[in-house]
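Participant: Counting from 1, one number per residue, gives the positions in the sequence shown under our numbering.
Where is the CB? At the ideal position from N, CA and C, for every residue including glycine.
Just so you know, these numbers come straight off a predicted model, no measurement behind them.
Structure incoming, see below.
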Amino acid sequence: VRIAAWPTAERADHVATIIMNRPERKNAFTVEMFDVLGDTLRRAAADPQVRCIVLTGAGDAFSSGLDLVEAAAQADRLDSIAFSFEAERSPAIILQQIDVPVIAAINGAAAGYAVGMAINADIRVMARAARLVPATKRNLLPESGDTWLLPRLVGWEQAARFYFLGEDMTGEQALAAGVVSELADDSAATKLR
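Structure (structure tokens):
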């Protein structure tokens with residue numbers, strides 16, 4: 001099933017796989033995509049045939065977070081967008097609300113908002129070559145609940161290093177810190193999509 005060209009959703013064997021499908025931009029989010037992904041997550045969770053949701057990215061990235069190029073092009077609309085934003089429609093919030101377990105299959109880089117998306121999942125599996133890139137690396141503020149969740153997963157000091165120093169976290173580091181529960185070989189991560 002193709003949903004508004006982004007994301008794609010598939011269901012097989014009681015598993016709904018939601019693929020953030022914009023590989024030419026490393027699956028970066030446009031403003032409109034937040035609503036589409038949130039609605040897709042809610043629909044998958046409401047399907048009585050779905051027992052698990054896998055969230056992953058197309059191509060070689062999980063998601064590069066907010067599309068900063070698109071956001072800059074819409075700078076004149078950002079005030080109206082900000083005032084019309086409804087937190088309960090945010091994919092990161094929806095991940096906390098739905099009852100169906102969600103597995104984040106982090107097949108490549110997850111940056112900025114995508115870090116929060118991954119951390120808000122119930123279980124995280126990460127490709128060995130993937131990395132988590134904090135929003136602070138681009139002088140942005142993390143905004144998807146990850147600053148609350150990450151210290152609870154890894155402790156204050158490791159979370160502070162991640163955000164304050166803007167240090168990427170590799171798959172091996174994420175496993176050692178307890179951010180992910182399993183590493184997948186890069187070829188296996190490709191099969192998750």
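Could you spell out where the beta strand (DSSP E) holding L132 opens and where it closes?
Facilitator: Within the sequence shown, residue 132 is the residue found at index 132, counting from 1. Its beta strand (DSSP E) spans residues 131 to 133.
Participant: Please classify R51 as buried or exposed, where buried requires at least 16 other C-beta atoms within 10 Å of its C-beta.
Facilitator: Working through the sequence shown from its first residue, we reach residue 51 at position 51. R51 should be labelled exposed.
Participant: Can you have a look at G178 and say buried or exposed, based on whether 16 or more other CB atoms are within 10 angstroms of its CB?
Facilitator: As a position in the sequence shown, residue 178 is number 178, starting the count at 1. Counting Cβ neighbours within 10 Å, G178 comes out exposed, since fewer than 16 surround it.
Participant: Going by CA-CA distance only, name the one from A176, V115, D185 that's closest to A28.
Facilitator: Within the sequence shown, residue 28 is the residue found at index 28, counting from 1. A28 has its Cα closest to that of V115, out of A176, V115, D185.
Participant: When you compare the CB positions of G108 and K137, do they come within less than 8 Å of one another, or not?
Facilitator: For the purposes of this step, residue 108 is taken as the residue at position 108 of the sequence shown. For the purposes of this step, residue 137 is taken as the residue at position 137 of the sequence shown. Contact flag unset, no.
Participant: Which partner residues does L66 have in the DSSP bridge list?
Facilitator: Residue numbering aside, residue 66 sits at position 66 when the sequence shown is read from its first letter. Its beta-bridge partners are F29.
Participant: Helix, strand or coil for R124? Go by DSSP, reduced to three states.
Facilitator: What you label residue 124 is simply residue 124 of the sequence shown in a count that begins at 1. Residue state, collapsed to three classes: strand.
Participant: Sorted by chain position, which residues of the same chain lie with C-beta nearer than 6 Å to L149's C-beta, five sequence neighbours on each side aside?
Facilitator: If you number the sequence shown from 1, residue 149 lands on position 149. Within its own chain, the residues whose Cβ lies closer than 6 Å to the Cβ of L149, once the five positions on either side in sequence are excluded, are I119, listed in chain order.
Participant: Would you kindly work out how many angstroms separate the C-alpha atoms of D47 and D185, rounded to a whole number?
Facilitator: Translated into positions along the sequence shown, residue 47 becomes position 47. Translated into positions along the sequence shown, residue 185 becomes position 185. Approximately 31 Å, taken between the alpha carbons.
Participant: When burial is assigned at 16 or more other CB atoms within 10 Å of the CB, is S144 buried or exposed?
Facilitator: Taking the sequence shown and counting its residues from 1, the one referred to as residue 144 is at position 144. The Cβ neighbour count for S144, taken over all protein chains shown within 10 Å, is at least 16; the residue is labelled buried.
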